[in-house]
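J.:
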DNA sequence: GATGTTTTCGACTTAGCGTCGAAAACTTTC
DNA sequence: GAAAGTTTTCGACGCTAAGTCGAAAACATC
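Residue numbers (the numbering used here), protein chains in the order written: chain A, 1 to 249; chain U, 1001 to 1249.
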């Protein structure tokens, strides 16, 4: 139920006029566990703001805003994320796509370039008011075409997680293989075998063992080793291999 | 040796001002054979125009131009390609990325959204003057950041050719396996085994046999079967497999 | 000490790409 | 017309790496 387009796309002098803005699809894997820790029910989540003005007042929207003439789109994105969310730096950022459908904004002609941003689950709550992590699996209707934008961001992440080291941006500095499995499962949307995950990531040199953790809140069982990613920058690690879905299920 | 930036990024009234344009990276596999036919030396080529005005007069540039306020970027792209090149429809088109570096245009602040376009080798010569197919392997210096844009387009194609059916947009309606091998080799930049290519594409249901051709200009040898792609729309055929480079070389 | 739980790792299976060589199906030459 | 040469096709084998499974390790609890 979109508002009807009502303003012409030209200013008073009849000069063509449009806005260019940036949007951030900031994703994390959260929930499922007690207090920050991941658990079996960890889900992929996106950072959204509740709009307090028309159009689409009251609906959820992606953070972002206009690009100043003297700044790059990346600078504009960082500026808006910082101002609107109190969000620090992203662990990974890449351009997604530019959305330009003339009808996507009912009031103005707005061209929006969307970026995918990733933060680890350890960075927990957004500081600003009206900002929430929304589960992608159960996304409410969103303002403008932001639903589409979010879907495209998740798609990009899903595609890259199995042949790049992009998961480094979602994982905490140190983690157990079980926690990493939860992250991969949340991103891929299907069961992931720990044995296979461990072997594949080690073979590719993506992760290395840090030590063995004496877990405080342990429920028994062999104490897990802790691991970390060997690199903290995005890299294609194996264009010829993929973590497919488990065949038996 | 770029011109020095000389115009401010605001108009006479001090209002922030920038242009948004579209660019087309139109690729084909051409050359290497006599008269249109492919051959062992087939190369990946990009369609470029020779600029006749500043900035970058005399240099090669990608086709494209401004987006009108009432049209979508796809419409703008089709309009510019048709007007500047006399080029008909593209067999495949997808958005590449948006280039927004404030210094990329020395005169204005120009944000450019680039599209990848593919045409089959059978569509031979561009009609307009000052337009040429340039070999990507030996690309001259280009205007603006177009060199970067072309590189990104080729990268996208290279990445997708082995796990999608995107090659349908580069191949003629009917072809022999040898001709298809030449296309894959030109795109991937390495030797491709015909046996493997045939088996993989057949297993995925990408190609089907049409018949056996009695070749007019044959030099002897067993007459090849002719093949065609089963679909004429882009589709991801196998996210879990890739045509890697030959190991022996 | 026995039991239960979680993690780790080696061993086996399977799928699919890479390679090779023989056979097929033509043209050209002697 | 037979032999030689060329190109294509296809079956067969090998190898790599992902997928699976179960046993052993290393803890907590009873």
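For glycine and all other residues, C-beta sits at the position ideal for the given N, C-alpha and C.
Computed from a prediction, not measured in an experiment: that's the story for all the values here.
Between residue 1017 of chain U and chain A, is any beta-carbon pair separated by less than 8 Å?
T.: yes
J.: Rounded to whole angstroms, what is the Cα-Cα separation between residue 100 of chain A and residue 195 of chain A?
T.: 44 Å
J.: Express the C-alpha separation of residue 1167 of chain U and residue 966 of chain U in angstroms, rounding to a whole number.
T.: Shown here, chain U extends from 1001 to 1249; a query on residue 966 of chain U therefore has no answer.
J.: In chain order, which beta strand (DSSP E) runs of at least 3 residues are fully inside the segment 166-244 of chain A?
T.: 207-212, 225-229
J.: Going along the chain, which residues of its own chain have a beta-carbon closer than 8 Å to the beta-carbon of residue 29 of chain A, five neighbours each way excluded?
T.: 38, 42, 43, 44, 45, 121, 170, 182, 183, 186, 187
J.: Residues in the same chain with beta-carbon distance under 6 Å from residue 1094 of chain U, minus the five sequence neighbours each way, listed in chain order, please.
T.: 1116
J.: Tell me whether residue 1058 of chain U sits in a helix, a strand or coil according to DSSP, three-state version.
T.: Here DSSP, grouped into helix, strand and coil, assigns residue 1058 of chain U to coil.
J.: Mind checking whether residue 1161 of chain U and residue 1025 of chain U have CB atoms under 8 Å apart?
T.: no
J.: Report the option in U:1020, U:1047, U:1105, U:1110 whose CA atom is closest to the CA atom of residue 1070 of chain U.
T.: U:1020
J.: Pairs of beta-carbons, one from the segment 58-76 of chain A and one from the segment 1079-1086 of chain U, closer than 8 Å: are there three or more?
T.: Contact between the segment 58-76 of chain A and the segment 1079-1086 of chain U is absent, because fewer than three Cβ pairs lie under 8 Å.
J.: Whole angstroms is fine: what's the gap from residue 146 of chain A's alpha carbon to residue 18 of chain A's?
T.: 19 Å
J.: Express the C-alpha separation of residue 89 of chain A and residue 228 of chain A in angstroms, rounding to a whole number.
T.: 20 Å
J.: With 8 Å as the threshold, decide whether the Cβ of residue 1229 of chain U is near any Cβ in chain A.
T.: no
J.: What do you get for residue 1092 of chain U, buried or exposed, if any count of 16 or more other CB atoms within 10 angstroms of its CB means buried?
T.: buried
J.: Report, in whole angstroms, the separation of the C-beta atoms of residue 1130 of chain U and residue 1050 of chain U, which I expect to be a contact under 8 Å.
T.: 4 Å
J.: Would residue 1154 of chain U pass as an interface residue toward chain A - the criterion being a Cβ-Cβ separation below 8 Å?
T.: no
J.: List, in chain order, every chain U residue whose beta-carbon is nearer than 9 Å to that of residue 207 of chain A.
T.: Chain U residues near residue 207 of chain A: none, gap ~22 Å exceeds 9 Å.
J.: Taking residue 1054 of chain U as the query, report the chain A residues whose CB atoms sit under 8 Å from its CB, ordered along the chain.
T.: Ordered by position in chain A, no residue passes the 8 Å Cβ test against residue 1054 of chain U, which lies about 21 Å from the chain.
J.: For a cutoff of 8 Å on Cβ pairs, would you count residue 69 of chain A as touching chain U?
T.: True, the Cβ-Cβ gap to chain U drops below 8 Å.
J.: If you follow the beta strand (DSSP E) that residue 1150 of chain U is part of, which residue opens it and which one closes it?
T.: Premise fails: residue 1150 of chain U lies in the alpha helix (DSSP H), 1146-1161, not in any beta strand (DSSP E).
J.: To the nearest angstrom, how far is it from the Cα of residue 1104 of chain U to the Cα of residue 1144 of chain U?
T.: 6 Å
J.: For residue 95 of chain A, list the residues DSSP reports as bridge partners.
T.: A:115
J.: What residues from chain A crowd round residue 1237 of chain U, counting only those whose CB sits closer than 9 Å?
T.: Chain A residues near residue 1237 of chain U: none, gap ~13 Å exceeds 9 Å.
J.: Taking the alpha carbon of residue 1238 of chain U as the point to measure from, which residue in U:1204, U:1219, U:1189, U:1027 has its own alpha carbon closest?
T.: U:1204
J.: Under a three-way DSSP split, which group does residue 20 of chain A fall into?
T.: strand
J.: Just to confirm my understanding: we take residue 1112 of chain U, look at its own chain, exclude 5 residues before and 5 after, and list those with CB closer than 6 Å. What are they?
T.: 1021, 1023, 1099
J.: Consult DSSP for residue 1079 of chain U and reduce its assignment to one of helix, strand or coil.
T.: Correct three-state label for residue 1079 of chain U: helix.
J.: By Cβ distance, which residues of its chain are closer than 7 Å to residue 230 of chain A, with the 5 residues on each side in sequence left out?
T.: 205, 206, 207, 208
J.: Residues of the segment 113-135 of chain A in Cβ contact with chain U at a cutoff of 7 Å, in chain order, please.
T.: 113
J.: Using the beta-carbon count (16 or more within 10 Å), is residue 1080 of chain U buried or exposed?
T.: buried
J.: With a Cβ-Cβ cutoff of 8 Å, do residue 1226 of chain U and residue 1176 of chain U count as a contact?
T.: Closer than 8 Å, so yes.
J.: Closer than 7 Å, Cβ to any Cβ of chain A: which residues of the segment 1073-1107 of chain U, in chain order?
T.: Cβ contacts with chain A: 1073, 1095, 1097, 1098, 1100, 1101, 1102.
J.: Roughly how many whole angstroms lie between the Cα atoms of residue 72 of chain A and residue 97 of chain A?
T.: Their backbone Cα atoms lie some 16 Å apart in a straight line.
J.: So, at 8 Å on beta carbons, what are the nonlocal neighbours of residue 109 of chain A in its own chain, with the 5 sequence-adjacent residues on each side left out?
T.: 9, 17, 18, 19, 102
J.: For residue 1179 of chain U, is the classification buried or exposed, using 16 other Cβ atoms within 10 angstroms of its Cβ as the cut-off for buried?
T.: Buried, by the Cβ-count rule.
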